[in-house]
Each structure stands twice: as structure tokens, then as C-alpha cells.
Amino acid sequence: MPWMDEQSQQALLWPQVWARFQPLTPMGQRAKKELSPFQPGDEDAWERCIQEQERCLKRAEQDPDWEVRLEENLTSIPDAEAVVAELERESVPSLLGWFRLKGLIWYGRQVIAAWPEEVAVGVDSEMQTWEDVLRIFNPELIRKPSFALNDAFDPRLADIRQEVAACERKRVEVREERAGAIEQKYGVKRNHAGEWIVERGNAVYEGLMADPQVEKVRDSPFEGVFSLLTTEEERNVLVQRQQAEEELEQVEQEVLSTLARRIRPYLSWLQRVLQEVVWIDLQWARVRLARKWNGVPPQLDRDVFHLKGAVHPAVVASLEQKGAAFTPVDVTVKKGTTVVIGPNMGGKTIALKTVGVVAALGQFGFFVPARSCGMPLFPWIRTVIGDGQDERDGLSTFGAEVKRLTEAIQQADAGLLLLDEVGRGTNPVEGSALATAVTEMLAISSIWSLQATHFSEVVEVGGIHIYRTAGLRNPQAWNAEDGPMEVDYRLLPGAGEGVPRQALIIAEALGFPRPILEKAQRRLKSRDSEQVEPSSDPLSIDTETVETPYD
Numbered sequence: 001m002p003w004m005d006e007q008s009q010q011a012l013l014w015p016q017v018w019a020r021f022q023p024l025t026p027m028g029q030r031a032k033k034e035l036s037p038f039q040p041g042d043e044d045a046w047e048r049c050i051q052e053q054e055r056c057l058k059r060a061e062q063d064p065d066w067e068v069r070l071e072e073n074l075t076s077i078p079d080a081e082a083v084v085a086e087l088e089r090e091s092v093p094s095l096l097g098w099f100r101l102k103g104l105i106w107y108g109r110q111v112i113a114a115w116p117e118e119v120a121v122g123v124d125s126e127m128q129t130w131e132d133v134l135r136i137f138n139p140e141l142i143r144k145p146s147f148a149l150n151d152a153f154d155p156r157l158a159d160i161r162q163e164v165a166a167c168e169r170k171r172v173e174v175r176e177e178r179a180g181a182i183e184q185k186y187g188v189k190r191n192h193a194g195e196w197i198v199e200r201g202n203a204v205y206e207g208l209m210a211d212p213q214v215e216k217v218r219d220s221p222f223e224g225v226f227s228l229l230t231t232e233e234e235r236n237v238l239v240q241r242q243q244a245e246e247e248l249e250q251v252e253q254e255v256l257s258t259l260a261r262r263i264r265p266y267l268s269w270l271q272r273v274l275q276e277v278v279w280i281d282l283q284w285a286r287v288r289l290a291r292k293w294n295g296v297p298p299q300l301d302r303d304v305f306h307l308k309g310a311v312h313p314a315v316v317a318s319l320e321q322k323g324a325a326f327t328p329v330d331v332t333v334k335k336g337t338t339v340v341i342g343p344n345m346g347g348k349t350i351a352l353k354t355v356g357v358v359a360a361l362g363q364f365g366f367f368v369p370a371r372s373c374g375m376p377l378f379p380w381i382r383t384v385i386g387d388g389q390d391e392r393d394g395l396s397t398f399g400a401e402v403k404r405l406t407e408a409i410q411q412a413d414a415g416l417l418l419l420d421e422v423g424r425g426t427n428p429v430e431g432s433a434l435a436t437a438v439t440e441m442l443a444i445s446s447i448w449s450l451q452a453t454h455f456s457e458v459v460e461v462g463g464i465h466i467y468r469t470a471g472l473r474n475p476q477a478w479n480a481e482d483g484p485m486e487v488d489y490r491l492l493p494g495a496g497e498g499v500p501r502q503a504l505i506i507a508e509a510l511g512f513p514r515p516i517l518e519k520a521q522r523r524l525k526s527r528d529s530e531q532v533e534p535s536s537d538p539l540s541i542d543t544e545t546v547e548t549p550y551d
């Protein structure tokens, strides 16, 4: 069972949030795809990850230039992961590969040295190793970030390169001398491609056609294009240059092989450098997101999942585009079940999604978008939210809901389960019975569950924690002429007056035909009048007052 399956990710809008996590190096971007959340048992490592980000934020606030330098160096690091893998296979990297590896070492050193944290793998403290490796890449005294096979690597390189250059100079000189003679003879200049373009039929055209030193390379109805022929002397020079180039290539390959032999003893050190650079890249990407949504470090709490002022980053962005604001979520979830009641469009589903996405962000080691957060590490997160029809299995909304719910409650360990309107996909009587039975089971289980419901029977289950959405502001006084309704999306602890009845008011606000609404209202009143009057000693609802241990 995956930690958070695809349907849960989609329900929580996780892909939109995860897309904001942008490491700066190619290796970091790949590592992001393989990143796993911290699991129960990883609490110490999780807290170290969070604390390291706190120190980075503090350093960035104290020294803005440090942040600029860090990002410049991170973005300068080339993709050297495949080069390290080549060395592991005892292959010899290409010249481009060595260039990338040199960039990793040069800029990686700057990044690791600047990171305000004691490096776990210890590469920062191995100053002599850095110097030794850089000396392999730079046999000359001057250190620089780029890499090239300069003459200092092997004395043969200078001699052969001089021979190649001499051959080329001779070839150019001979050809220029011949071309100059042609131009002087016929009074015509070459174009940038070294060709002569002359009008057909004139004396120059006829002269070039008859000249044994040139050839016509193409023709048109109006012009002829001529080029200088290659002489035997030039061909000999070209052969000599080609032989020198082949010798140069062989020597360069020998130098690269020697370079591979010399660098291979440092392979484990290079792997640690690569790991540390990737870790810093991921951590800095987390820090950038923390600042973007003004996040706070989540605190470890094994007994309570508590949020104050939590928001959903993807929903916030969507609302901001419409000029609207997100109402922060305050909620406490304990083992057992916490129930949220409220009208349609009152914010229950968004509250569930916010709780889920904050839990996921926290467990991936991020600062969370909230004013405060205490949380455990969950072994899994599952949602049963929205229209969950499963076309692949031919399941209806209700069938898919039951299937997902069954998979979750049969897990041996206690994860986070988010339920939206269990039982709504079938008839109300059976749906209410099922939702109530599920709530009774969850209330005594070790699962951390948060569910939204419209069924009043659910609220009567003992041992649950209840929140209600504040709902419409003064709904009884509202009428269509007043304009849009004002909705209060806050979660308030306690059941209040039970499951609210505001569906007809909301339907009217959305423009539903009034005659139909009036009929529905008469039916509702008739049904209420048929209800048995409660006794003078009503059964008290065994609910637990919601505690808010974090202020």
C-alpha cells in the first residue's frame, strides 16, 4: 500500500502543491521524483531536517548576500550524476563528462562550505581532499572552474597541437596565395564562403570556365558560382594535418584514461559530495517554499494533530486570482474520529483537503502553511473525497467509496483517514446507517480520522470530537434582493444545534426556481410536524469537548 495513493493525491490537489517544490540542480530535480516522506521511527531525522531549515532561514535573514551566492553556485552545478556512474563502471568519461564533474567539484565546494550546518558526511572538513582532487583537474597552478585538456596534462599535447596548427597555417597560406592570384587576374572578389559569383556570358565567366585552378560548383540562368580546386600540395598538407589530429586524439584519450585512474580512488568521496549537494539543494528548495507561504516548522506531537491558521496553498492561489481570500483552518485531530458538520458549500471539504495537504507537506520535511502545527508521523494518508467512480473496475460512486474505505480500515497501522460524506452515494436511510456504523468503528480505533457529514445520526455517536462550520451569516434575515450571501468558513468546536439546515437557502441564493423551493419547504415542515416530540429528559449526546492544546 503506497503512503499516499494517486486518488488521494488528486483529491488533496497534491500535484499542484508538489509542483511548487523546485530544486535548482538537475540532480535535485531527479531526487525530488524519488523523495519519500519521513515515516514513524524517523522522528529524529525529521526534526533535524526541520531544524536545519530554521538555521538556514536565520542565516538568509542575517546575510542576504549569502543567499544570492548560494543560489548562484547551486544553479551553476552541472549534471554530473551520470559521470560518477561511469566512473563506478570503470568507464572513461568524455571531455564533456569531465567538464561536468569539474563543475560539481568546483561549485559543490562553494555550496557545501557556505551551508550553515555541520555536513553530515564530513566532506566539508576534508580540505586536503578538495585540494588534491582540484589539482588532478588543474595541473597548472591557476585554479579555475572550467575544464580543458591543456598542455600541462602531457608534454606531447603541446608538440602535436603545434603541428596541427602549423599544417593549418600552411594550408591557408597556400590557398590564400592562389586565390589572391585568381582575384588579381580576373578582378572579382570571393564571398564569405570563399566562392566567386559571376554573371553568365561575360569575359570573367568564360575565363573562369577555362581556368584549370577553379571549378564551377553550381549554375543558374543568370550566374555561375566558382570555387578554387585543391592542389596536390594542399592535399598533402591536409593528410599531414589529419595524421596529427589522429595522434592528438589518441594522446588525449590516454590523458583521459590516466585522469580516470587518478580520480577513481576518490570515487566514494565524490559520491558523498554528490549526495550532500543534492541534500542541500532539496533543503534550500524547502526553505524557499517556507518563505513563499510564510510557513512554520511543524512540531512533533505523537498524541495530537493540531493546526492553527492552516491554509491550502493551491486553493489560496486559485482564490487570489479571483480576488477572494482563504479562511484559515483551526482543528485538532486525535486518534479515533473527528466529525465536521455544516451546510453545503460551507467549507467542510476544503477543510479536509487542507488538513491532508498540511500533513503531507509536514511529513516530507517542509515548513507547513499555518500559524502553528503539532503532528505525528503517519504511516499512510488516505482520502475518500469526491466522486470516486472507478471506471476501470466498473464501480459506481458508492462502490468505489466502499472499496477505498475497506482498504483503509483494514490496515494494521494507524494512518490519517479523511472522509467526505460517507454514504452519500446510496439511499439516505442506508447511507446514514453505514456512516453511523463507520463512525462508531473509527471512534474506538487507533486510526486518525477526520470526516465531514450531513447525517445527524453520526453526531450522536459517543466518544467523537465534533466541529461545525460557522456557515451562513444571519441566514434567516437573508433574501435574494440582498445580493450574495456571506459565508463564514471557520471551523468551530462543538456540535452547536446539530447538523444545520441551510440547503434550501443556499439553493435560493444560487438561483434555483422559487416555486420548487416553496414546495420543498412545505414538505420539510410537514415532516417536522410528524416527528415525535422529545421527552423532557432527552438523551444527552456523549461527545468530547475538543481540546486546543496549542494557543
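Heads up: the sequence shown begins at 1 in UniProt numbering, then just goes up one per residue. We treat Cβ as the ideally placed atom computed from N, Cα and C, and that holds for glycine.
Pick from L416, V422, E440 and A166: whose alpha carbon is nearest that of Q242? Checked all of L416, V422, E440 and A166; the closest Cα to Q242 is A166.
Since A370 and V358 should fall inside the 8 Å C-beta cutoff, what is the C-beta to C-beta distance between them, to a whole number of angstroms? Contact between A370 and V358 holds, since their C-beta atoms are separated by about 6 Å, short of 8 Å.
Could you work out which residue in L24, Q10, L12 and L13 is closest to D281 when comparing CA atoms only? For D281, the nearest C-alpha among the options comes from L24.
L405 and V438: beta carbons closer than 8 Å? Contact flag set, yes.
Proximity to G342 [Cα-Cα], best of D159, V487 and A60: When only C-alpha atoms are compared, the closest one is V487.
According to DSSP, is V119 part of a helix, a strand, or is it coil? Because the pLDDT at V119 is just 47, under 50, the model does not fix this residue reliably, and the value given afterwards should be weighed accordingly. V119 falls in the coil class under three-state DSSP.
Starting from the N-terminal side, write out each stretch of the beta strand (DSSP E) that is 3 residues or longer and does not extend beyond the region 398–456. Listed in chain order, the complete beta strand (DSSP E) runs (minimum 3 residues) inside the region 398–456 are 416–420 and 448–453.
Going by DSSP, name the residue or residues bridged to Q299. Under the DSSP definition of a beta bridge, Q299 partners with G374.
In whole angstroms, what is the alpha-carbon distance linking V17 and Q363? Each residue's alpha carbon lies about 14 Å from the other.
Let me confirm a value: residue 568 is counted as buried when at least 16 other C-beta atoms fall within 10 Å, else exposed. Which label applies? Residue numbering for the chain in the displayed model covers 1 to 551; residue 568 lies beyond these limits and cannot be assessed.
Contact under 8 Å by Cβ, V311 with L450: For V311 and L450, no; Cβs fall outside 8 Å.
Judging by CA-CA distance, which residue of E232, V461, Q253 and L248 is the nearest neighbour of G336? For G336, the nearest C-alpha among the options comes from V461.
Going straight from the alpha carbon of A85 to that of S146, what length do you get? Each residue's alpha carbon lies about 21 Å from the other.
Out of curiosity, what's the CA-to-CA distance linking Q7 and W14? Each residue's CA atom was taken as its position, placing Q7 and W14 some 10 Å apart.
Measure how close the beta-carbons of E234 and V174 come, nearest whole angstrom, since I'm counting them as under 8 Å. Yes, they are in contact, since the Cβ atoms of E234 and V174 sit about 6 Å apart, within 8 Å.
Kindly indicate which three-state DSSP category E43 falls into: helix, strand or coil? Reduced to three states, the DSSP call for E43 is helix.
Within 8 Å, strictly: CB atoms of P376 and D413: Between P376 and D413, the C-beta gap is not smaller than 8 Å, which leaves the two residues out of contact.
For E199, write down the residues that DSSP places opposite it in a beta bridge. Partner(s): E223.
For R468, does the three-state DSSP call read helix, strand or coil? Strand at R468.
Presumed contact (8 Å Cβ cut-off) between R490 and T327, rounded CB distance: T327 and R490 do touch by the CB rule: their CB atoms are close to 6 Å apart, below 8 Å.
Using 8 Å for Cβ pairs, my map puts V255 next to L104. What's the rounded Cβ distance? About 20 Å separates the two Cβ atoms, so there is no contact after all.
Which residue comes first and which comes last in the beta strand (DSSP E) that contains K334? Where K334 is concerned, the enclosing beta strand (DSSP E) stretches over V329 to K334.
To test your reading of the DSSP string, which unbroken alpha helix (DSSP H) runs of 4 or more residues are found completely within the region 259–312? Whole alpha helix (DSSP H) segments, 4+ residues: 267–292.
If I measure Cβ to Cβ from V204 and keep anything under 8 Å in the same chain, skipping five residues before and after, which residues do I get? Y186, G187, V188 and V198, listed in sequence order.
Based on the DSSP output, what are the partners of M27 in its beta bridges? DSSP output for M27 lists no bridge partner at all.
Residue 552, buried or exposed, once every other Cβ within 10 Å from all chains shown has been counted against 16: Lying before the first or after the last residue shown, residue 552 is absent from the chain, which here runs from 1 to 551.
Pull up the distance between the alpha-carbon of Q275 and that of R109, whole angstroms please. In this structure, the alpha-carbon of Q275 lies about 13 Å from that of R109.
Roughly how many angstroms lie between the CA atoms of Q240 and T230, to the nearest whole one? Taking the Cα positions, Q240 is about 15 Å away from T230.
Taking the beta carbon of D303 as the centre, do at least 16 other beta carbons fall within 10 Å, making it buried, or is it exposed? D303 counts as exposed, since fewer than 16 other C-beta atoms from the protein chains shown sit within 10 angstroms of its C-beta.
Which class does L74 belong to by DSSP, given the choice of helix, strand or coil? In this structure, DSSP gives L74 a helical state, which the three-state scheme calls helix.
If you run the structure through DSSP and keep just helix, strand and coil, what is T337? T337 carries a strand assignment under DSSP once its states are collapsed to helix, strand and coil.
Buried or exposed, going by whether 16 or more other CB atoms sit within 10 Å of the CB of S91? Taking all protein chains in view, the Cβ of S91 is surrounded by fewer than 16 other Cβ atoms within 10 Å, so the residue is classified as exposed.
Among L157, D44 and A452, nearest to R424 - alpha-carbon criterion: Distance from the Cα of R424 is smallest, within the candidate group L157, D44 and A452, for A452.
Residue from L141, E140, I112 and K348 with nearest C-alpha to M127: Looking at the Cα atoms, I112 is the closest of the given residues.
Spatially closest choice to C56 from L70, Q213, D44 and R190, by CA coordinates: The shortest Cα separation from C56 among L70, Q213, D44 and R190 belongs to L70.
Give me the DSSP bridge partner(s) of L492. Paired residue(s): R468.
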